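At position 65 of the sequence shown (counting the first as 1) the number is 65 in this note's numbering, and the numbers step up by one without a gap. Glycine included, each C-beta is placed from N, C-alpha and C at the ideal position. No experiment lies behind these values; they were computed from the predicted model shown. To start, the structure under review is shown below, and the notes come after it.
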Amino acid sequence: LCHLDAMECLQMCNKTMDCGHPCKKLCKEKCGGCNVLVNKTIPECGHTVNMKCKTNPHLKLCHNPCQKLLSCGHLCSTKCNEDCTSSNNCAVLVEMTHNLSLCSHGNVKVPCKDTKLSVEDLKDLALK
1 LCHLDAMECL QMCNKTMDCG HPCKKLCKEK CGGCNVLVNK TIPECGHTVN
51 MKCKTNPHLK LCHNPCQKLL SCGHLCSTKC NEDCTSSNNC AVLVEMTHNL
101 SLCSHGNVKV PCKDTKLSVE DLKDLALK
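Quick look at the structure:
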């Protein structure tokens, strides 16, 4: 063998990466980022999410229920990575005492986000 530098090692790498996990690549390959799945806490919301070790935790990766308190007093029901800063998104059903129902009962349940609609708009919504 006159060209030893052309040989490549096909054994598994035996290095330990900075994160403490063993490298899963071949010896001839660069170790790169760690792909071991680990639980990490998202700093913005405090939820724990399972992700690759090399991934930096950020809010876009959180798919847990948000649970922030909306201005209407209800808890947000969107996912943590979705916008929920106003009660315009609140889907909690609340009872209204307007005479809106087609059967002339005085109470109807409408999504909280629709409680600020006019009586006529609510009637139109009830017909859909």
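Backbone CA spacing between residue i and residue j [nearest angstrom]
{"i": "residue 93", "j": "residue 20", "result": "49 Å"}
{"i": "residue 64", "j": "residue 112", "result": "22 Å"}
{"i": "residue 30", "j": "residue 15", "result": "11 Å"}
{"i": "residue 81", "j": "residue 18", "result": "29 Å"}
{"i": "residue 84", "j": "residue 78", "result": "7 Å"}
{"i": "residue 74", "j": "residue 27", "result": "55 Å"}
{"i": "residue 96", "j": "residue 42", "result": "38 Å"}
{"i": "residue 68", "j": "residue 34", "result": "33 Å"}
Residue interval of the beta strand (DSSP E) (run including residue i)
{"i": "residue 109", "result": "108 to 111"}
{"i": "residue 93", "result": "93 to 96"}
Of the residues the options, the one placed nearest residue i, counting alpha carbons only
{"i": "residue 51", "options": "37, 97, 95, 84", "result": "37"}
{"i": "residue 55", "options": "69, 32, 116, 89", "result": "32"}
Whole-number beta carbon distance between residue j and residue i, since they are thought to touch under 8 Å
{"i": "residue 66", "j": "residue 76", "result": "4 Å"}
Notebook entry, point to check: If you scan the stretch 29 to 60 from start to end, which runs of the beta strand (DSSP E) of 3 or more residues do you find wholly inside it?
Noted result: 37 to 41, 48 to 52
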